[in-house]
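Let me begin by presenting the structure, written as structure tokens, before commenting on it.
2 protein chains.
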Amino acid sequence: MQKFDSSMMDFEERVDIDDFESEVMERIYSKPLLIKRVNTTSQIAIVGANVCPVESLDYEVPENELVNEDWRSRRTVQIFQYILLKWAFALIIGLSTGLVGIFNNIAVENIAGFKLLLTTELMLKHKYYKAFAAYAGCNLGLATSAAALCAFIAPAAAGSGIPEVKAYLNGVDAYSILASSTLFVKIFGSIFGVAAGFVVGKEGPMVHTGSCIASLIGQGGSRKYHLTWRWLRYFKNDRDRRDLITCGAAAGVAAAFRAPVGGVLFALEEAASWWRSALLWRTFFTTAVVAIVLRGFIQLCSTGTCGLFGEGGLIMYDISAAKVVYSTPDILAVILLGVIGGILGSLYNYLVDKVLRTYSIINERGAAVKILLVIMISLLTSICSYGLPWLATCIPCPADASTSCPNTDVSGNYKSFQCPPGHYNDLASLFLNTNDDAIRNLLSTNTVKEFHISSLFIFFVAVYCLGIITYGIAIPSGLFIPVILAGSCYGRLVGRLFEPISKLDVGLFSLLGAASFLGGTMRMTVSLCVILLELTNDLLMLPLVMLVLLISKTMGDMFNKGVYDQIVKLKGLPYMEAHPEPYMKHLIARDVVTGPLITFSGVEKVGNILLALKNTGHNGFPVIDEPPFSDAPELCGLVLRSQLLVLLKGKAFSKDRVLAGNKVLRKISELDFAKAGSGKGLKLEDLDIQEEEWDMYVDLHPIANTSPYTVVETMSLAKAAVLFRELGLRHMCVVPKSQGRPPIVGILTRHDFQPEHILGLYPHVRFQQ
Amino acid sequence: MQKFDSSMMDFEERVDIDDFESEVMERIYSKPLLIKRVNTTSQIAIVGANVCPVESLDYEVPENELVNEDWRSRRTVQIFQYILLKWAFALIIGLSTGLVGIFNNIAVENIAGFKLLLTTELMLKHKYYKAFAAYAGCNLGLATSAAALCAFIAPAAAGSGIPEVKAYLNGVDAYSILASSTLFVKIFGSIFGVAAGFVVGKEGPMVHTGSCIASLIGQGGSRKYHLTWRWLRYFKNDRDRRDLITCGAAAGVAAAFRAPVGGVLFALEEAASWWRSALLWRTFFTTAVVAIVLRGFIQLCSTGTCGLFGEGGLIMYDISAAKVVYSTPDILAVILLGVIGGILGSLYNYLVDKVLRTYSIINERGAAVKILLVIMISLLTSICSYGLPWLATCIPCPADASTSCPNTDVSGNYKSFQCPPGHYNDLASLFLNTNDDAIRNLLSTNTVKEFHISSLFIFFVAVYCLGIITYGIAIPSGLFIPVILAGSCYGRLVGRLFEPISKLDVGLFSLLGAASFLGGTMRMTVSLCVILLELTNDLLMLPLVMLVLLISKTMGDMFNKGVYDQIVKLKGLPYMEAHPEPYMKHLIARDVVTGPLITFSGVEKVGNILLALKNTGHNGFPVIDEPPFSDAPELCGLVLRSQLLVLLKGKAFSKDRVLAGNKVLRKISELDFAKAGSGKGLKLEDLDIQEEEWDMYVDLHPIANTSPYTVVETMSLAKAAVLFRELGLRHMCVVPKSQGRPPIVGILTRHDFQPEHILGLYPHVRFQQ
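Chain order of the listed sequences is A and B. Sequential numbering of the first sequence, starting at 1, is according to the UniProt record's numbering. Sequential numbering of the second sequence, starting at 1, is according to the UniProt record's numbering.
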């Protein structure tokens, strides 16, 4: 342990990943793949680690005089208000996410509908080149708008958003991921992106949107526009914000799939790292609100007041018309489907990872290059969508078709395309539709022969490849729909191939194919199962869907991780896994403590604090009581950078080195420590400390968290990691085992538990069990 | 800290609840309500605390030389085998629970069917008194058998079993709750009890049965019958057993309700205290197996090979035929239904609690009194079921009835009872049926006028009261079915009353009524919602079911706790709540440390260990290293009673006080520490230590857990409780803050965190926030 004094100014060399200043964050965030950890003090350079500078979140409840004082002053009615507000927030999140979901759907259906109508009209007049120009032109315009929004306003809005939300709920606040600009771009970028005909979904973006809405609501209005309400400051802490964002993520899924229970389970199984029963209930309430909003609007729109938004709007693939009967050959077919689906799903993950690595190098060359990439992919998509249907032969319309054939509407089966009257082009029914309608067509039951095997094969290959190369370009892009699209096409293909021996409807095979792909890429189980059931309204398929999901997840897990985990890793977010790595058992907590430690006295000189804040990026400082305040040096508690800044701004200084707790309590209240949204907190530059105040003293006791979680230095690293992860800590104090030494050995943060850090220090432990 | 020596023999006075010897456990377990905590050393007697002697479970992973040695020796193929076995166990649990579920249903349907057929036949011959004698006689015989099984073989099998399973998964092993005798009685007692016409369900017992099966499988065969397999010893620890029992509980719900997803969610929301994603998946697999087994048998039985087990078998109330349309007046009606349902549900909890307290006093008077109580309730039930239908007037059969009317079959609507041809008795259709069939009749759709309002009212009152007075008698009795029965009758009644203004089918109202009662008593949300949907096969009701559940749970929470939590409390099981009580913030860890602490040296005299084991009931002892083994006294680790017994049995003693780790490692392996099922471990009496060995030394280092979780004595009790709960600890070491003191202040167990203990020590903190 080294006490801080001005002679020790070599701290700049130490770069703690936790501790980048926010001005460098943005610059570095855009190129996470190229950063190497510089760690000059410990003389170890970790090469190849994907490090991204981010803030950790404070989930721990601090216990200090200020907080206790504040609790004592809260009256019962205030606590009741607080609880009521929590539920009001859940209601607001549900309402707004539901409304955004409706808006998104209406906008996409109308824009894409207009585009498809225009194309179809030109096709009917046999103006094929003009039709292509109109189609590709519309796509290009929409794609460029989406890309421009992403590139210039909010780069963080690109991609799915689920990995970032997942990381946030694990305690990692990636830069500007929940900002209002991100929300804006996510909503409109997603609308333009989906309407532009890309093989992307609106589900991931909806989850991200829900989370952004929740985060903004939890931030208690906007200080910039003087829209704050004093009461909301009680919610300005990371714990309450985490709860709200969990609700938001669940609401997003509920709005995207119209699956309220599935939304809750998604939040539980995939998004959240910590869970408790009270939150389950609140999340359930939020998704119930979403379900009611959606139902209301769908009833409203069923009267035709929403333009081209009609039945094809909110995805809901009702397959309950098909009779579910199956016997042994069907089950064998389904098992085979699950095995191959799992392998294809994990291959999808592998390829997405490779493409993302390439794109991240391309994208960092600037906004123009980003947009150019989007334009290229858009052109390629348009060429595929318009060009490939020419490969299909025209099929005579079936006599017993339930819908009109050929069809010149916006959505639906049996597209006419270039075919003569009385015939339809099956590939066009898949390509020249929105993704939602294409899935509906693939899942349609009692239409065995509608799609040729060759057409299904072409569509499958095209969609599988387009899905892979589209994710990672600078537009908001969900992964669910591409995977469902490819999966349901694969399932229908398998169903056609097994037609001679299986009695199961190809529409049901299609559903199982989608399940197998989802299981193979996302690696969820219960939530996917419930989402699929809610989507298709057919509970009788439950055993088969479970079977397929189990098989495909098992197959996928043999090869690689789930796609969201992969992206979290790729982005370099320091995610804390639920289980410690096996080799951690062979290390002890002291082994991973690095760098010099800076501690403060219980009553510290203002100058020392300022220097420490300026010269290091540390976010937590141990406070040590020394004589005369105690008999021997002992650990009094832990102060956070953010708390110190508030304390210094309050200027409760004294001339002498004395306890001045009351003075501090009079000047500052707990509410002053309310944590602002990321990047908006008090900064060192905001302080205005006079020269003469540098030599004054400030009492840290009132703000020090007197109950930090500690581990003895000889605690096995695995058990320390369990403690850190289960309690959602930001800092963990390592204390000495033997007596007569300074009362603290070091502080561990989540970065110290990252495999890259540990294996950098001890490369040989990797192969120990 | 006091070192143990023979001059300190006053330990007998100290009664630590954690530490009752097993011989007193049984005696005291049967009267949990009357025990007062005797705590003479600390001079505090806690009056009125309901204390039940139980074992705590060891979920913590020990880290010591032996374990590390063992890990090093395991080869990859062994780890693979271990994982494979886990899945094999899940498969076996699913299969056996499914089979037991089927067996249970077939048995109940046949026994109850025979009884009802006999009664109906005598009724048709107008031999009304004989019919009653036959009916009541059958009931009485079955009830007495169930009660005798419970009273003489396994008292732990009485009741639902869900509270005990919930407590087990929280770390509390109540005596013989998962024994094989309990399993046997639970299966047959439940069959007899349900067939005897009691207002009890088979759902709680199924959950308990699933858990028992899982526990027995996890125990690795039977030592008594030499059916052990060496490999299974790897599963002989509380962590793996907890996982298996979670799977078992989920399988139980899946088998009882044919609701695989609902089963997983039940285990997640209600049963389990800790959860992780890997377990979610395994549980999902188990319930999928159950679903497949059930489906297979139902197909088999549909050919008529299962006797009277037919459509009425496994409960499945398909209401998807009813059209779900609702508007504002319906929603208002539903809200009102939810509010009143929630209040009635919490009143149910209140009354069950009162009745249980009375019964527990009656039941402790011996087996004969227990059986007498069962006989009385059985007679009362028979009188109600047979007598009350006479109050109903005969109703002419409707012309458009889809089933035969009047009906003289075992199950079904439109029972003829005493009515003339062409008429039916609506109350008899409810009373003289199995509970499952009565629910099916209540939930039947498109049959608005079938039941008179007065009949519904009579049935509701009777079932509500019978349900309350039946729970707690000495038979296995589930709570789900009584609540669903009363709730669906209540819902149908409300539906009839709102008929003029509401368009919703009364069958759907009935479902919502059941939901409101379930929400009001059980206080679950997502799992109930999914179970109800899987039961009724109608996803379109989802928003309304969610709404009702939310309202009724909110209403119920205003008055009291959920019924299972209430029973856990009543049984005096030291359940660790997820959140610390507010007043714990005002105490520190040192405040609740009580009693003298016994510590061992790193190399300790055999005699001292024997004395400590004999004279105290402590289960964990800190090991302190002293000079010459270290520079100053320091905490080396923690040993458990069970480990010490194994170590002493191994007799790795030495004449001198020297480190002898290798000697110990040669004599004992990690597998010797495999934990047997509750009550089956090594006992002090099994040791055979010679007089001369008392003065020899034994090295505790190889078995001491060197990484126990510790808290500093000044840590706030609230945060210590969070640590204890989240990590599932059994012992937590409290270490001193200042230097120069002995290295450990005390040990906290789950009992030290119980409100009774804390409020006994500090009654005044209760009112602090």
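The beta carbon of each residue, even a glycine, is placed where N, CA and C say it ideally should be.
Beta-carbon spacing of residue i, residue j below 7 Å
i, j, result
"G263 (chain A)", "A254 (chain A)", "yes"
"G338 (chain A)", "S552 (chain A)", "yes"
"L57 (chain A)", "G171 (chain A)", "yes"
"I187 (chain A)", "A214 (chain A)", "no"
"A578 (chain A)", "S378 (chain A)", "no"
"V548 (chain A)", "S527 (chain A)", "no"
"I598 (chain A)", "A612 (chain A)", "yes"
"Y414 (chain B)", "P406 (chain B)", "yes"
"A151 (chain B)", "T434 (chain B)", "no"
"G491 (chain B)", "F509 (chain B)", "yes"
"R241 (chain B)", "G210 (chain B)", "no"
"A288 (chain B)", "I93 (chain B)", "no"
Cut-off 8 Å between Cβ atoms - residues of its own chain near residue i, not counting five sequence neighbours on either side
i, result
"D695 (chain B)", "K605, V606 and G607"
"R282 (chain A)", "K86, W87, A90, D243 and C247"
"T710 (chain A)", "L635, M732, C733, V734 and V735"
"Q43 (chain A)", "Because the pLDDT at Q43 (chain A) is just 28, under 50, the model does not fix this residue reliably, and the value given afterwards should be weighed accordingly. Excluding sequence neighbours, Q43 (chain A) sits near nothing in its chain."
Exposed unless 16 or more other CB atoms sit within 10 angstroms - verdict on residue i
i, result
"S404 (chain A)", "exposed"
"N441 (chain B)", "buried"
"P763 (chain B)", "exposed"
"S190 (chain A)", "buried"
"Q299 (chain A)", "exposed"
"H701 (chain B)", "buried"
"M558 (chain B)", "exposed"
Sheet register partners of residue i (DSSP bridge)
i, result
"S601 (chain B)", "B:I624"
"K423 (chain B)", "Note on identity: in this sequence residue 423 (chain B) is His, with Lys being the wrong assignment. Note: H423 (chain B) sits in a beta bridge opposite B:P396."
"N407 (chain B)", "B:K415"
"S716 (chain B)", "B:I588"
"L140 (chain B)", "None; L140 (chain B) has no bridge partner."
"E55 (chain A)", "A:D173"
"N705 (chain B)", "B:L638"
"residue 778 (chain A)", "Residue 778 (chain A) lies beyond the range of chain A shown here (1 to 769); nothing can be said about it."
"Y359 (chain B)", "Its beta-bridge partners do not exist; DSSP assigns none."
"M696 (chain A)", "Looking at the DSSP assignment, M696 (chain A) forms no beta bridge with any residue, so it has no partner."
Close beta carbons around residue i, own chain, < 6 Å, minus the five adjacent residues each side
i, result
"I343 (chain A)", "M555"
"T119 (chain A)", "A131, A134 and Y135"
"D752 (chain A)", "V592"
"D672 (chain A)", "V646"
"A156 (chain B)", "S176, I177 and T182"
"L659 (chain A)", "D699"
"S707 (chain A)", "E63"
Residues near residue i in its chain [Cβ-Cβ closer than 7 Å; skip 5 each side]
i, result
"V712 (chain A)", "V735 and K737"
"Q768 (chain A)", "Y583 and H586"
TODO: Report the residue ranges of all alpha helix (DSSP H) runs contained in full by the region 230–314 of chain B; include only those spanning at least 4 residues, in chain order.
DONE: Correct list: 238–257, 260–266 and 277–301.
Suppose only complete runs of 4+ residues qualify. What are the alpha helix (DSSP H) ranges in the region 548–586 of chain B, listed by chain order? 563–570
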